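Participant: Take this structure first; my questions come after.
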Amino acid sequence: MKLYPNLFAYLNDRPPISLATRVIARDRPILLLDSPQPSGWDYRNQQRLRGLNIPTAISGCRAYEIAFPYLAKENRIETLEQSWDLAIPAGHSQISTLRVADEVIDGTAISDSRQLEKILAMGLEDAIDNTVSPMLQSLVGLFANLGESISLEQLDEAIAHLDLSEATLPSIVSLNRRYKLEQKLDAIASKLCQQLRRRAELMPVARIQEMDAYCLRDYIRRPGRTLAQKAGEKQELMGINRYSDRNTPENKFLLDFAAKILRPECIRYENSKAQQYRGEIMRLRYLIDRLVQRIEVEDDNKLASDRIFSTASGIYLTARPNYTLLQNPLYSSFYRAYLDYIRDASERQQVWPFRNQLLADVVYVCLAAALKRFPVSSPNPDAKLLCLLHPDAGRYLIDDDINPLQVRVVADRQERAIALRKPRADEPKGDFIIAVESKERSLIKLPVWVFWHCPGEAALEEAKLYLDAWPNYRMGLLLYLQDKTGQYSAIGDIGYMPKGKIWLFQLAAPAKERGFSSTVDFLSELLNRWLWLAIN
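So, in structure tokens, the structure goes:
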């Protein structure tokens, strides 16, 4: 097993580094197995490679690209890294720890104020990023709107009409609008479910209406012959008292959901100092606090065993739902909101590690739309994008070798065919290749690599050396989205002209106002500039 610090070091066949070396995920490090499936390689290692943090092999079935770690409480947050123990099959059992570092911590997942204080005490306030999750929602929203397939003819129009305002809503605002939580919290405060309970207790004889076996045994054991003698000086006997109680599973779930999820989400938004939805959040938090306070006040006069909050510590969120949570209109809306919240949080954790792969697919789609903007463009009528409904290790796009993505355009007064496809065996191993064909000139190709964060200097130097080994390629395109924590470009590096064979550009990030149109505009300008230089 070999470890390479970045993608280009692997492509350049550099000497591998020690498996104990800390690697940075932004540089796309590579783990190379000695064989496709080493003997003795246990199931847990296969799952870690395949599903947890390492996506599909990039070369054959031995090389795996290490994805970003999703930093959580159990990780080494102080060093922004996560580690995995991998067993190395050899003559003797050997365990190696794989250490992978990220650039940022998901700020939207920090719900505990104590956890936030701990992170701030470590001096990691600059690493808390509240923008990556909304950006991932935007990228996922693109494929959600495209569906399973879309023709190249319709692609540009579909991107132009894409509305990101709903996809990038804060989770608490999205839940509130989808399920009308504000109105339902107001309504349910006076309509909490109750159940009739029976309890044996001492009471005046005149109030006794019912006695069970326990009460009768107590009556028999009391000294005396008559009822008055057995009732004693206070004239009290054990009887059944009926009363209404709100200590029900559905109410415990509701209060757990309100106190453990909705209220922390409101507090997180308020602490972010964002203003766009502040009024809506403040109204929602007022209703949540009022509901919780009302139950707490009513519980003050109850026995400790009957108080809802005495056992409400989040365990009822994972309990099996009862009939009321599934069928009651008010309660079922809160339960469905909870399921949506859990699903969104799970999807965020699943997509977060593979954001390089997700971004590469988005760039591919935007490049395809940019090709349509060339003068007199005529796409292959059968060309279309095929997409998965759910990502596989960050990948939505399905390779279609039968109907490749190709557009015939007029450039420099000549008709040319521009193809966008995956690299072949005799081409540089980029994320994809842009190939321009013409009758008069030989094939012109541009390899493209996509990174979420700007790669480090060592990775850039390796990229230059890698492309220098391909003399027939005049340049390669290296695109990245995020420079520093929370820093994106609205228009991209439009006025920047790089030198050398590696063109390093920051992408124009999708925005709520224009969606992905700004990204397509930037890539269209970039393609025009490259094509003009390539054919002159």
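Numbering (the working numbering), first residue to last: 1 to 536. Positions of the beta carbon are idealized from the N, C-alpha and C atoms, including for glycine. Everything numeric in this text was worked out from a predicted model, so none of it was measured.
Can you tell me whether L477 is helix, strand or coil according to DSSP?
Facilitator: strand
Participant: From I398 to Y364, what does the alpha carbon distance come to, in whole angstroms?
Facilitator: 12 angstroms
Participant: Using a 10 Å radius around the Cβ and a threshold of 16 neighbouring Cβ atoms, would you call N271 buried or exposed?
Facilitator: Exposed.
Participant: For D156, which residues of its own chain have a beta-carbon under 8 angstroms away from its beta-carbon, when the five flanking residues on both sides are left out?
Facilitator: Around D156, the same chain offers A369, K372, R373 and V520 as residues with beta carbons nearer than 8 angstroms, after the five sequence neighbours per side are excluded.
Participant: Does W352 pass the burial test, meaning 16 or more other C-beta atoms within 10 Å, or should it be called exposed?
Facilitator: Buried is the call here.
Participant: Please report the straight-line C-alpha distance between D245 and R294, rounded to a whole angstrom.
Facilitator: 14 angstroms
Participant: Is the region 178-193 touching the region 204-224, taking contact as three or more C-beta pairs under 8 angstroms?
Facilitator: no
Participant: What's the gap between the Cα of R242 and the Cα of Y214?
Facilitator: 15 angstroms
Participant: Among the candidates R343, V448, W532 and G456, whose CA atom is the shortest distance from the CA of Q414?
Facilitator: W532
Participant: Below 8 angstroms, how does it come out for the region 475-485 and the region 378-394: are there three or more Cβ pairs, yes or no?
Facilitator: no
Participant: Thinking just about the alpha-carbon of each residue, which of L98, L169 and S333 is nearest to the one in D85?
Facilitator: Comparing Cα positions, the closest option is L98.
Participant: Q276 to L164, Cα distance in whole Å?
Facilitator: 15 angstroms
Participant: Report the partner residues of N241 according to the DSSP bridge assignment.
Facilitator: Bridge partners of N241: R199.
Participant: When you compare each of A360, D212, M497 and L284 to V140 by their alpha carbons, which one comes out closest?
Facilitator: A360
Participant: If we ignore side chains and look at the alpha-carbon of each, how far apart do S174 and Q82 end up?
Facilitator: 31 angstroms
Participant: Would you list the residues sitting across from R395 in a DSSP beta bridge?
Facilitator: Partner(s): D392.
Participant: If you count every other CB in all the chains shown that lies within 10 Å of the CB of H537, and 16 or more means buried, which is it?
Facilitator: What is shown of the chain runs 1 to 536, which leaves residue 537 out entirely.
Participant: Around the C-beta of M1, are 16 or more other C-beta atoms found within 10 angstroms, so that it is buried, or is it exposed?
Facilitator: Here M1 is buried: its Cβ has 16 or more other Cβ atoms, across all protein chains shown, within 10 Å.
Participant: Roughly how many angstroms lie between the CA atoms of L52 and I77, to the nearest whole one?
Facilitator: Below a pLDDT of 50, predicted positions are generally treated as unreliable, and L52, at 36, falls in that range; the measurement from the model is reported next regardless. About 18 angstroms.
Participant: Starting from A160, follow the alpha helix (DSSP H) in both directions and report where the run begins and ends.
Facilitator: L152 to A160
Participant: Between the alpha carbons of I58 and V132, how many angstroms are there, rounded?
Facilitator: Confidence at I58 is low in this model, with a pLDDT of 49, below 50, so the placement of that residue should be treated as unreliable; the coordinate-derived value is given next. C-alpha separation (whole angstroms): 25 angstroms.
Participant: Tell me the DSSP secondary structure of F334 in three-state form.
Facilitator: Reduced to three states, the DSSP call for F334 is helix.
Participant: My understanding is that L31 touches Y64, with C-beta atoms under 8 angstroms, so please give their C-beta distance in whole angstroms.
Facilitator: The C-beta separation of L31 from Y64 comes to about 5 angstroms, placing the pair in contact by the 8 angstroms criterion.
Participant: Which residue or residues does DSSP assign as beta-bridge partners of C387?
Facilitator: DSSP, once it has assigned bridges, lists L397 as partnering C387.
Participant: Among residues of its own chain, excluding the 5 on either side of V450, which ones have a beta-carbon nearer than 6 angstroms to its beta-carbon?
Facilitator: For V450, same chain residues with a beta-carbon under 6 angstroms away, outside a window of 5 residues either side, are L359, A360, V363, D431 and L479 in chain order.
Participant: In chain order, what residues of the same chain have a beta carbon less than 7 angstroms from the beta carbon of L196, not counting five sequence neighbours either side?
Facilitator: Closer than 7 angstroms at Cβ, skipping near neighbours: R242 and S244.
Participant: Buried or exposed for S149, going by 16 or more other Cβ atoms inside 10 Å?
Facilitator: exposed
Participant: Which residue comes first and which comes last in the beta strand (DSSP E) that contains K445?
Facilitator: I444 to H453
Participant: Is the beta carbon of V410 sitting closer than 7 angstroms to the one on I418?
Facilitator: no
Participant: I'd like to check one pair, D126 with V104: are the Cβ atoms closer than 7 angstroms?
Facilitator: no
Participant: Under a three-way DSSP split, which group does G40 fall into?
Facilitator: Low local confidence applies: a pLDDT of 47 at G40 is under 50, so the model's placement there is unreliable, with the coordinate-based value given in what follows. DSSP places G40 in the coil class of the three-state scheme, outside both helix and strand.
Participant: Check this for me: beta carbons of Y4 and P15, under 7 angstroms apart or not?
Facilitator: no
Participant: Counting only runs that start and end within the region 227-276, where is the beta strand (DSSP E) found for 3 or more residues in a row?
Facilitator: 236-245
Participant: Please determine, among Q350, Q183, L71 and N247, the residue with the shortest C-alpha to C-alpha distance to R395.
Facilitator: For the options Q350, Q183, L71 and N247, the alpha carbon positioned closest to that of R395 is the one of Q350.
Participant: Tell me whether R199 is buried or exposed, calling it buried when 16 or more other Cβ atoms sit within 10 Å of its Cβ.
Facilitator: It is exposed - the Cβ of R199 has fewer than 16 other Cβ atoms within 10 Å.
Participant: Short of 6 angstroms in beta carbon distance, which residues of its chain neighbour R44, apart from the five on each side in sequence? Order them along the chain.
Facilitator: Model confidence at R44 stands at a pLDDT of 49, short of 50, so the residue's coordinates are unreliable; what they give is reported in the following sentence. None.
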